[in-house]
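K.L.:
Take a look at this one; I'll ask things after.
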Amino acid sequence: MVYKLILLIHFLGMLVAGFMFPGDIKVDVSAPGQVEAGKDMVVKVTLNKSDLKSFARLQHSIPGGLEPEVIDNANAEFKFEDQKVKFIWFQLPEEEEFTVSYRLKVNEKLKGDFDLEGSFAYVDDNERKNVDLTPMTVDINPSSSVDPDLLVDVDDFKPITGKFSGKKDVASVNCIRQVPYQVEEDNAYIVNLLVSKGDKQKFAKIQEDIPEGYTAVKEDEKGAIFTFTDQVAKFLWMNLPSDPYFVISYKLIPSEDVDGKPELNGQFSYIENENTRNIDIVEEDVNLEDDSQENLAEIIKSTATPSITGGEDIDLETQELQEEVVKEAGRKGKVNVEIAEEAKRILSENTRITNQLEPQSGVYYRVQVAAGHRPINVDKYFGRYDIDKEVRTELHEGWRKYSVGSFSVYKEARDYRVKIWNTTDIDDAFVAAYNNGDRITVQEALMITNHKWYR
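Per our numbering, residue -16 is the first one in the sequence shown, and the count goes up by one each step.
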């Protein structure tokens, strides 16, 4: 039996908690006893694991208004979800002692104090063990630059939604239009647009409504397909540029009877979880002629985060983009026939998920047999294999993943994986774990269910 340690340590300087687990496993947690709102604090955890080798998970619960960023993960998978910071090891490092750390960015409007609580769970001799870490109280000193009437107690702050792993970009998805300026040679206006793409990589669109009397002509499209039809200018990407921030531009040429500065409205649209997201383009008095990453990052930092709304289904957006690829390839001649044929092929496929995997309650296991980015005909593709269970599809971390079976015990899933190896040409099948429809690691599933690990 593991006896829970309850000890509250609160200093104005650095808090350090050290305690021993059964089997001479020691964990030292250090964090500041106070932090100023708007600043960062660093949490370090040093583990002396003795001879422990198998699964382990270190977890801290944090309140809303604090955003984590991993510093050193010691080969663990780092996650932040449901207000929990997690380090997960399939196999612990060889070193007997090692350190993990992460940074917490404290919202500038926070005040009050919170307890940094957590646990360390591991598997030892096929037995799951879990020990609560000693809580640490951290005071948040209000920022002197924020109106006291705007301060929010940390317990009342709306929790962060969503999940991510690894380091976050300094900016989220955003799009800013520099105030259009006129050039003397033809009285045209130059329009520069700054895009902060976050972690987005594929299928994006910028659409601008152009006033009557103006013609839009591309200047710098950054690999996009540019079109101007029915007073709408569009930039369409199948793959976004690699830079986290980039500037595109176009020119507005006025007709003779047009006078006055053009007023523009536009949106930046992108794909997220098979749905379109739209953000309104905000016009700011900024200088985008300096397109260095440093300058663009500073501009994004100083601009308010835009509101994000849902848009059309991905099928419509993807179809529009791919149709433009076909048209563009045709305009450029037969040198781009291969591009056109590829776009037509993609366009002819159904982009929706077929044979969709439905969530189940509780912890269960499936055997993943394949993964890819492009949609396939599931029945036709897997029909060539002698698989006696139905193949289902799910979207996970940007991949379409295909799996079979539903097993409540890990050993049964393990045995079916071996059967797949022995009876088909699929040699990379593996066991995937779920909890109420959400993917979790196998080691987490074993810990939750207290089941044993079998090789």
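For every residue, glycine included, the Cβ atom is placed at its ideal position computed from N, Cα and C.
(1) Measure how close the beta-carbons of T120 and D139 come, nearest whole angstrom, since I'm counting them as under 8 Å.
(2) Tell me the rounded alpha-carbon separation between I283 and L75.
(3) Can you give me the C-alpha to C-alpha distance between I329 and G206, rounded to a whole angstrom?
(4) Out of S232, S44, T424, which has the shortest C-alpha to C-alpha gap to D98?
(5) Is the number of C-beta pairs between the segment 338 to 352 and the segment 415 to 426 that are closer than 8 Å three or more?
(6) On a CA-only basis, which of V241, A412, T117, E239 is nearest V28? Give me that one, please.
(7) For D226, tell me which candidate among M430, L177, L247, Y164 has the shortest Cα-Cα distance.
(8) If you draw a straight line from the alpha carbon of A280 to that of E100, how long is it in whole angstroms?
(9) So, at 8 Å on beta carbons, what are the nonlocal neighbours of G196 in its own chain, with the 5 sequence-adjacent residues on each side left out?
(10) Hey, how far is the Cα of T82 from the Cα of V425?
(11) If we ignore side chains and look at the alpha-carbon of each, how far apart do I431 and V346 end up?
(12) Cutting at 6 Å between CB atoms, please list the residues of its own chain near I189, excluding the five before and the five after it.
(13) Mind checking whether D122 and K94 have CB atoms under 7 Å apart?
(14) Within a Cβ cutoff of 6 Å, which residues of the same chain sit near P125, ignoring the five residues on either side of it in sequence?
(15) So D107 is in the beta strand (DSSP E); what residue range does that whole segment cover?
(16) What are the start and end residues of each continuous alpha helix (DSSP H) run of 4 or more residues lying completely inside the segment 330 to 374, in chain order?
(17) On a Cα-Cα basis, can you pick out the residue from L87, L35, Y368 that is closest to A14?
(18) Is D132 helix, strand or coil by DSSP?
(19) Report the three-state DSSP secondary structure of N405 (helix, strand or coil).
(20) Identify every residue that forms a DSSP beta bridge with E202.
(21) Specify, as a first and last residue, the run of the alpha helix (DSSP H) that N175 falls within.
(22) Is it buried or exposed, R375, if we count other Cβ atoms within 10 angstroms and call 16 or more buried?
(23) Beta carbon of I8, beta carbon of K32: below 7 Å?
(24) Could you tell me whether the Cβ atoms of V361 and I409 are closer together than 7 Å?
(25) Helix, strand or coil for T29? Go by DSSP, reduced to three states.
(26) If contacts are defined as beta-carbon pairs under 8 Å, then Y85 and P46 qualify, I think. What distance do you get, rounded to the angstrom?
(27) Mind checking which residues open and close the beta strand (DSSP E) that includes Q276?
(28) Classify V162 as helix, strand or coil using the three-state DSSP reduction.
(29) Do L271 and V215 come within 7 Å of each other at the CB atom, strictly closer than that value?
(30) Would you check if the distance between the CB atom of V392 and the CB atom of V350 is smaller than 7 Å?
(31) Take the Cβ of S128 as the centre, count every other Cβ of all protein chains shown within 10 Å, and call the residue buried at 16 or more, exposed below.
(32) Here's a check: name, in chain order, each residue in its chain whose Cβ is nearer than 8 Å to the Cβ of I193, leaving out the five neighbours to either side.
(33) Just tell me which of D34, A412, Q184 has its CA closest to the CA of H356.
(34) Flag P224 as yes if its beta-carbon sits less than 7 Å from any beta-carbon of chain C, otherwise no.
(35) Per DSSP, L87 forms a beta bridge with which residues?
(36) Taking the alpha carbon of F390 as the point to measure from, which residue in H379, E79, K372 has its own alpha carbon closest?
P.N.:
The structure says:
(1) For the purposes of this step, residue 120 is taken as the residue at position 137 of the sequence shown. For the purposes of this step, residue 139 is taken as the residue at position 156 of the sequence shown. Between D139 and T120 the Cβ distance is about 18 Å, and since that is not below 8 Å, they are no contact.
(2) Taking the first residue of the sequence shown as position 1, residue 283 is located at position 300. Taking the first residue of the sequence shown as position 1, residue 75 is located at position 92. Cα to Cα, the separation comes out at about 39 Å.
(3) The sequence position of residue 329 within the sequence shown is 346, counting from 1. The sequence position of residue 206 within the sequence shown is 223, counting from 1. For I329, the predicted structure reports a pLDDT of 44, less than 50, and the residue's modelled location is therefore unreliable. The matter cannot be settled from this model.
(4) Within the sequence shown, the letter at position 115 stands for residue 98. Considering only alpha carbons, the answer is S44.
(5) Segments in contact, yes.
(6) Residue mapping note: residue 28 aligns to position 45 of the sequence shown, counting from 1. If we check each option's Cα against that of V28, T117 comes out closest.
(7) By 1-based counting over the sequence shown, the position of residue 226 is 243. Nearest C-alpha to D226: L177.
(8) As a working note, residue 280 is residue 297 in the sequence shown. As a working note, residue 100 is residue 117 in the sequence shown. If you take the alpha carbons of A280 and E100, they lie about 34 Å apart.
(9) Numbered from 1 along the sequence shown, position 213 holds the residue referred to as residue 196. The residues are P237, S238, D240, V241.
(10) Start at 1 with the first residue of the sequence shown, and residue 82 comes out as number 99. Start at 1 with the first residue of the sequence shown, and residue 425 comes out as number 442. Whole-angstrom Cα-Cα distance: 24 Å.
(11) The residue labelled residue 431 in the question sits at position 448 within the sequence shown. The residue labelled residue 346 in the question sits at position 363 within the sequence shown. Cα to Cα, the separation comes out at about 8 Å.
(12) Sequence index remark: in the sequence shown, residue 189 carries index 206 (1-based). So the list reads F218, F251, once near-sequence residues are dropped.
(13) Start at 1 with the first residue of the sequence shown, and residue 122 comes out as number 139. Start at 1 with the first residue of the sequence shown, and residue 94 comes out as number 111. For D122 and K94, no; Cβs fall outside 7 Å.
(14) Looking up residue 125 in the sequence shown gives position 142. In chain order, A20, K94, L134 place their CB closer than 6 Å to the CB of P125, counting only its own chain and leaving out the 5 sequence neighbours on each side.
(15) Along the sequence shown, one-based indexing puts residue 107 at 124. D107 -> beta strand (DSSP E) spans 93 to 107.
(16) 361 to 365
(17) Position 31 of the sequence shown, counted from the start, is the residue given in the question as residue 14. Comparing alpha-carbon positions, the option among L87, L35, Y368 lying closest to A14 turns out to be L87.
(18) On the sequence shown, residue 132 is found 149 positions in, with the first residue counted as 1. In the structure shown, D132 sits in a helix (DSSP, three-state: H, G or I).
(19) Residue mapping note: residue 405 aligns to position 422 of the sequence shown, counting from 1. Three-state DSSP puts N405 in a helix.
(20) Within the sequence shown, residue 202 is the residue found at index 219, counting from 1. Note: E202 sits in no beta bridge, so no partner.
(21) Taking the first residue of the sequence shown as position 1, residue 175 is located at position 192. Element bounds for N175: not the alpha helix (DSSP H) but the beta strand (DSSP E), 172 to 179.
(22) Counted from its first residue, the sequence shown places residue 375 at position 392. Buried: at least 16 other Cβ atoms inside 10 Å.
(23) By 1-based counting over the sequence shown, the position of residue 8 is 25. By 1-based counting over the sequence shown, the position of residue 32 is 49. In this structure, I8 places its C-beta atom within 7 Å of the C-beta atom of K32.
(24) As a first step, residue 361 is located in the sequence shown; it is residue number 378 there, counting from the start. As a first step, residue 409 is located in the sequence shown; it is residue number 426 there, counting from the start. Taking 7 Å as the Cβ cut-off, V361 and I409 do not qualify as a contacting pair.
(25) Taking the sequence shown and counting its residues from 1, the one referred to as residue 29 is at position 46. Note: T29 maps to strand in three-state DSSP.
(26) Within the sequence shown, numbered from 1, the residue matching residue 85 stands at position 102. Within the sequence shown, numbered from 1, the residue matching residue 46 stands at position 63. No, Y85 and P46 are not in contact; Cβ-Cβ is about 15 Å, not under 8 Å.
(27) Stepping through the sequence shown from its first residue, residue 276 is reached at position 293. From DSSP, Q276 is part of no beta strand (DSSP E) but of the alpha helix (DSSP H) over 276 to 284.
(28) Taking the sequence shown and counting its residues from 1, one reaches residue 162 at position 179. It is coil, neither helix nor strand.
(29) Looking up residue 215 in the sequence shown gives position 232. Looking up residue 271 in the sequence shown gives position 288. No, these two residues do not count as a Cβ contact at 7 Å.
(30) Here residue 392 refers to the residue found at position 409 when the sequence shown is read from its first residue. Here residue 350 refers to the residue found at position 367 when the sequence shown is read from its first residue. V350 is positioned such that its CB atom lies no closer than 7 Å to that of V392.
(31) In the sequence shown, counting from the first residue as 1, residue 128 sits at position 145. With fewer than 16 Cβ atoms within 10 Å of its Cβ, S128 is classed as exposed.
(32) By one-based count along the sequence shown, residue 193 stands at place 210. A199, F211, Q214, V215, A216, L235, P245, L247.
(33) Taking the first residue of the sequence shown as position 1, residue 356 is located at position 373. Here the closest residue by C-alpha is Q184.
(34) The question asks about chain C, but that chain is absent: this structure has only one protein chain.
(35) Stepping through the sequence shown from its first residue, residue 87 is reached at position 104. In DSSP, L87 forms a bridge with M24, P51.
(36) Counted from its first residue, the sequence shown places residue 390 at position 407. F390 has its Cα closest to that of K372, out of H379, E79, K372.
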